[in-house]
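Numbers given in this note's numbering equal positions in the sequence shown, counted from 1, plus 1041.
The beta carbon of each residue, even a glycine, is placed where N, CA and C say it ideally should be.
Quantities reported herein were computed from a predicted structural model and do not represent experimental measurements.
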Amino acid sequence: MNDETARIGGQTPAQAPRPGRARRLMDVIDERLGIGALGYAVPEHANSLAWSLGGVTAAAFGILVLSGILLVQFYSPTPETANQSVRGIVNDVWGGSVLRGVHFWASQAMYVTAALHLIRVFVTGSFKRPREGNWLIGVALFALITLALFTGTVLKWDQEGFEALGHNVEIGNLLGGAGFWFSAEFANQVSILCGSTARTW
1042 MNDETARIGG
1052 QTPAQAPRPG
1062 RARRLMDVID
1072 ERLGIGALGY
1082 AVPEHANSLA
1092 WSLGGVTAAA
1102 FGILVLSGIL
1112 LVQFYSPTPE
1122 TANQSVRGIV
1132 NDVWGGSVLR
1142 GVHFWASQAM
1152 YVTAALHLIR
1162 VFVTGSFKRP
1172 REGNWLIGVA
1182 LFALITLALF
1192 TGTVLKWDQE
1202 GFEALGHNVE
1212 IGNLLGGAGF
1222 WFSAEFANQV
1232 SILCGSTART
1242 W
């Protein structure tokens, strides 16, 4: 019996049982993405809510995506019909009120847990080398979450949404040149900050 035969339990390579296709596929994926490296023991201090805020934020985002896909089926992105379509979702669509409530509270949860996650990372010093890149990505994602919260408020096109857009433009005017990103001039050029729900959409 040579070394190769002994290594596989006394069987020749031709006789050795081959792993199933699914297992081979997982091995290929793991080899390229390193997913197996995730299988390490979690430190005891990480088994707490404070160290799970990133996961909670990701879960809230998943809920937002799913509920948003359903809500968009009934939303009309025009200034004339936006608020009416939101009212229709709540009053006329089966389960629409619950769906909109889930979407609203998931957005609030995502914003709050993302903010708490950033604070926890900063307080514990987890942003230091070699994790500076993760920190910068996290700050950028929080800025996008804030922007999404703002656009979601405007898309309702009710009194709150109308005033939120107006306040945004006024802040841009107060900041002068530094506030170009929030100004009416920029809003007319870029769809995400404009005077109508159709363009915000």
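Residues in the same chain with beta-carbon distance under 6 angstroms from Val1162, minus the five sequence neighbours each way, listed in chain order, please.
Position 121 of the sequence shown, counted from the first residue, corresponds to residue 1162. Excluding sequence neighbours, Val1162 sits near Phe1168.
Against chain B, with Cβ distances strictly below 7 angstroms, would Glu1201 count as a contact?
Within the model displayed, chain B is absent; a lone protein chain is all it includes.
Which residue marks the beginning of the alpha helix (DSSP H) containing Tyr1152, and which one marks its end?
Taking the sequence shown and counting its residues from 1, the one referred to as residue 1152 is at position 111. Where Tyr1152 is concerned, the enclosing alpha helix (DSSP H) stretches over 1137-1164.
Jot down the residue ranges of each uninterrupted alpha helix (DSSP H) in the stretch 1053-1130, minimum 4 residues, whole runs only, in chain order.
Segments of the alpha helix (DSSP H) lying fully in the stretch 1053-1130: 1062-1074, 1094-1112.
Counting pairs of beta carbons, one from the stretch 1145-1154 and one from the stretch 1096-1112, are three or more of them closer than 8 angstroms?
Yes: at least three Cβ pairs fall under 8 angstroms.
If you draw a straight line from the alpha carbon of Asn1124 to that of Pro1118, how long is it in whole angstroms?
Looking up residue 1124 in the sequence shown gives position 83. Looking up residue 1118 in the sequence shown gives position 77. Looking at the two C-alpha atoms, the distance is approximately 9 angstroms.
Can you find the residues in the same chain that come closer than 6 angstroms, C-beta to C-beta, to Phe1223, ignoring five residues on each side of it along the sequence?
Taking the first residue of the sequence shown as 1, we reach residue 1223 at position 182. Correct list, in chain order: Asn1209, Ile1212, Gly1213.
Could you tell me how far apart the beta carbons of Leu1159 and Phe1183 are, in whole angstroms, since I believe they sit closer than 8 angstroms?
Locating residue 1159 in the sequence shown gives position 118, where the first residue counts as 1. Locating residue 1183 in the sequence shown gives position 142, where the first residue counts as 1. Confirmed, about 6 angstroms.
Does the beta-carbon of Ile1110 have 16 or more other beta-carbons within 10 angstroms, so that it is buried, or is it exposed?
Here residue 1110 refers to the residue found at position 69 when the sequence shown is read from its first residue. By the neighbour-count rule (16 or more Cβ atoms within 10 Å), Ile1110 is not buried but exposed.
Answer with buried or exposed for Ser1108, where buried requires no fewer than 16 other C-beta atoms within 10 angstroms of its C-beta.
Translated into positions along the sequence shown, residue 1108 becomes position 67. Ser1108 should be labelled buried.
Just to confirm, are Leu1112 and Thr1154 a CB contact at a threshold of 7 angstroms?
As a working mapping, residue 1112 is identified with position 71 in the sequence shown. As a working mapping, residue 1154 is identified with position 113 in the sequence shown. For Leu1112 and Thr1154, no; Cβs fall outside 7 angstroms.
Hey, quick one: how far does the alpha helix (DSSP H) through Gly1217 stretch, first residue to last?
In the sequence shown, counting from the first residue as 1, residue 1217 sits at position 176. Note, Gly1217: premise wrong, no alpha helix (DSSP H); not H, not E.
Helix, strand or coil: how does DSSP classify Trp1289 here?
With the chain running from 1042 to 1242 in the structure shown, residue 1289 is simply not present.
If I measure Cβ to Cβ from Gly1129 and keep anything under 7 angstroms in the same chain, skipping five residues before and after, which residues do I get?
Translated into positions along the sequence shown, residue 1129 becomes position 88. Result list for Gly1129: Phe1115, in chain order.
Give the DSSP-derived three-state secondary structure of Val1134 in the structure shown.
For the purposes of this step, residue 1134 is taken as residue 93 along the sequence shown, with counting starting at 1. Here Val1134 sits in coil by DSSP.
Would a C-beta distance cut-off of 7 angstroms place Val1083 and Lys1197 closer than the cut-off?
Indexing the sequence shown from 1 puts residue 1083 at position 42. Indexing the sequence shown from 1 puts residue 1197 at position 156. No, they are not a contact pair.
Ordered along the chain, which non-local residues of its own chain (more than five positions away) have a Cβ less than 6 angstroms from that of Trp1092?
Numbered from its first residue, the sequence shown carries residue 1092 at position 51. Same-chain partners within the cutoff: there are none.
Taking Cβ positions, are Gly1207 and Thr1194 nearer each other than 7 angstroms?
As a working mapping, residue 1207 is identified with position 166 in the sequence shown. As a working mapping, residue 1194 is identified with position 153 in the sequence shown. In this structure, Thr1194 does not lie closer than 7 angstroms to Gly1207 by Cβ.
Figure out for me which residue from Gly1179, Gly1142, Arg1141, Arg1172 has the closest Cα to the Cα of Leu1157.
Taking the sequence shown and counting its residues from 1, one reaches residue 1157 at position 116. Considering only alpha carbons, the answer is Gly1179.
For Glu1045, count neighbouring C-beta atoms within 10 Å of its own C-beta (all shown protein chains included) and say buried if the count is 16 or more, exposed if not.
To locate residue 1045, count along the sequence shown from 1; it is residue 4. Note that Glu1045 scores a pLDDT of 49, beneath 50, so its modelled location is shaky and nothing firm can be said.
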